[in-house]
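Data first, discussion second: the structure below is written as structure tokens.
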Amino acid sequence: MNSIIRACAVFCGLCLTGCASTHPAEINDCPAPYQAKSRVQWYSSNLKSLLEIDKADVQRTPDGRLHLRLAIRNQTRKDIWVDIRTVFTDDRGFEREKTNWEPICLTARVDTTYEVFSLGTQVCDYQIVIRDPRKLDCKP
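Using the working numbering, you'd call the opening residue of the sequence shown number 7 and step up by one each time.
Here it is in structure tokens:
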């Protein structure tokens, strides 16, 4: 009985100590890690599990403005109302334009297209902000 306990103790000791890794750690050379954000921001955490971004397409119009199209799929059995805002940024990541909150009804189990144009030609990138209008703070 003592030999079984000793064998288990030795086995557990070996498992806990493990072996040292000989592979070097990968270094992520991101020049500005705090500015590297995803293009879709979720203000309501419950929406991220209910909605899925199927496609995103960005093009320049002939007059130089950004044209953004986004296909959002509602994965639930009920229609969901969301507010969507687009923030257009310049080449250094600073905000140039911001749209108003736009209420959109996402039909159950269907792709809904959200489309927006920038007003100016100085914008280079964008961010989409999606929030649940029922979870708003009514603070000024």
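Each residue gets a CB set at the ideal place from its N, CA and C atoms; glycine is no exception.
DSSP on alanine 13, reduced to helix/strand/coil? For this step, residue 13 is matched to residue 7 along the sequence shown. Correct three-state label for alanine 13: helix.
Is the separation between the beta-carbon of glutamate 58 and that of arginine 79 shorter than 7 angstroms? In the sequence shown, the residue the question calls residue 58 occupies position 52. In the sequence shown, the residue the question calls residue 79 occupies position 73. In this structure, arginine 79 lies closer than 7 angstroms to glutamate 58 by Cβ.
Does chain B have any CB closer than 7 angstroms to the CB of threonine 118? No chain B is present in this structure, which holds just one protein chain.
Locate the alpha helix (DSSP H) running through asparagine 52, then write down its first and last residues. Your numbering for residue 52 matches position 46 in the sequence shown. Run containing asparagine 52: 51-56, per the alpha helix (DSSP H) assignment.
Just mark isoleucine 11 as buried or exposed, buried being the case when its beta carbon has 16 or more other beta carbons within 10 Å. Within the sequence shown, numbered from 1, the residue matching residue 11 stands at position 5. Exposed.
Aspartate 85 versus phenylalanine 17 - alpha carbon distance: The residue labelled residue 85 in the question sits at position 79 within the sequence shown. The residue labelled residue 17 in the question sits at position 11 within the sequence shown. Taking the straight line from one Cα to the other gives about 55 angstroms.
Compare the C-alpha of threonine 67 against each of Lys141, Phe123 and Leu76 and name the closest. On the sequence shown, residue 67 is found 61 positions in, with the first residue counted as 1. The shortest C-alpha separation from threonine 67 is found at Phe123.
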